[in-house]
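Everything on this sheet refers to the single structure shown next.
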Amino acid sequence: MANRMTPPAEGQEKDVLLVLDKQQGKVSAVKGIDKDGNLQTVPPTTGHGGEFMQVDKNSDVFSNFISNFYRKYQDTSGLELFSVKASEAERDAKAIEENHRNPTPEGDKRAEMLRVPKPDFHEF
1 MANRMTPPAE GQEKDVLLVL DKQQGKVSAV KGIDKDGNLQ TVPPTTGHGG EFMQVDKNSD
61 VFSNFISNFY RKYQDTSGLE LFSVKASEAE RDAKAIEENH RNPTPEGDKR AEMLRVPKPD
121 FHEF
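Following this line, the structure appears as structure tokens:
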């Protein structure tokens, strides 16, 4: 599978996916999925920005990716996905990690705004 889901439109910044590993309390940027279906991640730093999987939240490809991700990883209780602007990935990753360690109402509200909701498979 390609690392980028859709090419960025000229002048339009794409979002990237961050994943919080709740057990480790660490946030990484999603790079893609390897041939065995395993999630590939990189540090969410500016130096790795070219490796981030860029997504268009309004695309069917994004919806399909999220649905397939949650179907494949049946036990995703230890993971949370967040969608953030590429230029804000490093800052948002630090804020998500900090809020995971020391939750605050403001941090919870911000995380909820960025969180990618899990699909409701009971709809199908």
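Read in order, the letters of the sequence shown correspond to residues 1 to 124 in UniProt numbering.
Cβ atoms here follow ideal geometry from the backbone N, Cα and C, with glycine treated the same way.
Residue i, enclosing beta strand (DSSP E) - first and last residue
| i | result |
| --- | --- |
| Ala93 | Not the beta strand (DSSP E): Ala93 falls in the alpha helix (DSSP H), residues 89-101. |
| Glu80 | 79-85 |
According to DSSP, residues forming a beta bridge with residue i
| i | result |
| --- | --- |
| Asp108 | According to DSSP, Asp108 bridges with nothing at all. |
Nearest to residue i (by Cα), restricted to the options the options
| i | options | result |
| --- | --- | --- |
| Gly78 | Lys14, Val19, Glu13, Asp15 | Val19 |
| Val42 | Gly107, Lys31, Lys35, Glu90 | Lys31 |
| Ala89 | Thr104, Glu106, Ala111, Pro103 | Ala111 |
| Val27 | Asn38, Gly50, Asn99 | Asn99 |
| Asp21 | Asp34, Leu39, Lys35 | Leu39 |
| Gly25 | Lys35, Gly107, Pro44, Ile96 | Ile96 |
| Asp92 | Pro105, Thr45, Gly37 | Thr45 |
| Val116 | Glu106, Ser63, Leu81, Lys94 | Leu81 |
| Leu17 | Thr104, Asp108, Pro103, Ser63 | Ser63 |
Cβ neighbours of residue i in the same chain (closer than 8 Å, five flanking residues each side left out)
| i | result |
| --- | --- |
| Gly47 | none |
| Asp15 | Gln54, Val55, Asp56, Lys57, Ser83, Val84, Lys85, Ala86 |
| Ala2 | Annotation note: pLDDT 43 at Ala2 (below 50); position unreliable, coordinate value reported separately. So the list reads Gly32, once near-sequence residues are dropped. |
| Glu51 | Asn3, Ala29, Lys31, Val42 |
| Arg101 | Gly25 |
| Gly49 | Ala86, Ala89 |
Own chain residues within Cβ distance below 7 Å of residue i, not counting five before or after
| i | result |
| --- | --- |
| Ser87 | Glu13 |
| Leu114 | Phe82, Ser83, Val84, Asp92 |
Residue i Cβ short of 7 Å to the ligand FMN heavy atom set
| i | result |
| --- | --- |
| Thr46 | This structure simply doesn't include the ligand FMN, nor any ligand for that matter. |
Going residue by residue through the region 11-59, where are the continuous beta strand (DSSP E) segments of at least 3 residues, counting only ones entirely within it? For the beta strand (DSSP E) assignment, the uninterrupted runs of no fewer than 3 residues enclosed by the region 11-59 are, from N- to C-terminal side, 15-21, 26-33, 39-42.
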